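Accompanying notes for the structure given below.
If you want it as structure tokens, here you go:
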């Protein structure tokens with residue numbers, strides 16, 4: 011059976027995707043494999059792609075940018091993937107961190123953290139372009155002193171929407187997943203015939 015395998019930089023992305031995707035794209039069968047940071051993920055990519063024997067598996071790699079050059083990072087990750095002879099890898103970069111996706115949807119933040127004042131942060135100049143916030147996790151900790159990455163991801167997964175998010179990296183990630191979802195549907199329909 012065709013499925014998506016997510017190779018992720020950290021556990022908080024796993025928690026977010028496991029709560030978000032069943033709501034937004036319930037037709038996608040997937041598993042998430044979190045890593046212990048960038049170095050662990052990058053070391054793991056060639057090994058996992060070469061070792062995974064199921065030819066029906068499609069891979070998605072998601073890594074934070076953390077102030078780097080998005081295009082160079084994506085090119086490096088794509089290069090690691092090509093070295094494994096797998097043509098079925100989608101690479102997405104969260105600019106600058108996963109938490110920027112939260113700033114892209116202030117109404118979801120307000121619900122997730124039980125604070126109606128967060129609805130208004132999108133009007134502040136420093137938050138209008140969520141992908142340009144240099145340290146979104148630190149910004150969140152200042153706005154929400156009780157913020158923690160795992161519980162924050164769990165809360166946001168329940169409230170993020172597909173079309174209400176102003177983070178470009180979130181939108182690009184969702185667009186890529188929708189394309190993969192469409193290819194999974196076509197494959198499933200062909201198998202049924």
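In the working numbering, the protein residues as written are 11 to 203.
Note that beta-carbon positions come from the ideal geometry of N, C-alpha and C, so glycine has one too.
Please read these numbers as outputs of a predicted model, since none were measured by experiment.
- A straight-line Cα-Cα distance of about 20 Å links residue 15 and residue 164.
- Using a Cβ-Cβ distance cut-off of 8 Å, the segment 103-111 and the segment 171-179 are in contact, since at least three pairs of beta carbons, one from each stretch, lie closer than that value.
- Taking the Cβ atoms as the reference, residue 128 lies roughly 6 Å from residue 116, within the contact range of under 8 Å.
- Here residue 93 has 56 as same chain residues with Cβ atoms under 7 Å from its own Cβ, once five neighbours each way along the sequence are excluded.
- For residue 87 against residue 101, the beta-carbon gap comes to about 5 Å, under 8 Å, which counts as contact.
- A direct Cα-Cα distance of roughly 26 Å separates residue 40 from residue 76.
- Taking each of 149, 17 and 120 in turn and checking the Cα distance to residue 167, the smallest one comes out for 120.
- In chain order, 113 and 131 place their CB closer than 6 Å to the CB of residue 137, counting only its own chain and leaving out the 5 sequence neighbours on each side.
- Between residue 149 and the set 124, 106, 91 and 82, the nearest pair of CA atoms involves 106.
- Around the C-beta of residue 45, 16 or more other C-beta atoms lie within 10 Å, and the residue is accordingly described as buried.
- For residue 113, the enclosing alpha helix (DSSP H) stretches over residues 109-113.
- Judged by DSSP secondary structure, residue 103 falls within the beta strand (DSSP E) whose first and last residues are 99-104.
- Around residue 158, the same chain offers no residue with a beta carbon nearer than 7 Å, after the five sequence neighbours per side are excluded.
- The residue from 171, 91 and 103 with its alpha-carbon nearest to that of residue 54 is 91.
- Cβ contact annotation for residue 37 (same chain, cutoff 8 Å, sequence separation greater than five): 191, 194 and 195, in chain order.
- For residue 63, the closest of 96, 34 and 172 by C-alpha to C-alpha distance is 96.
- For residue 80, the closest C-alpha among the options 172, 154 and 142 is that of 142.
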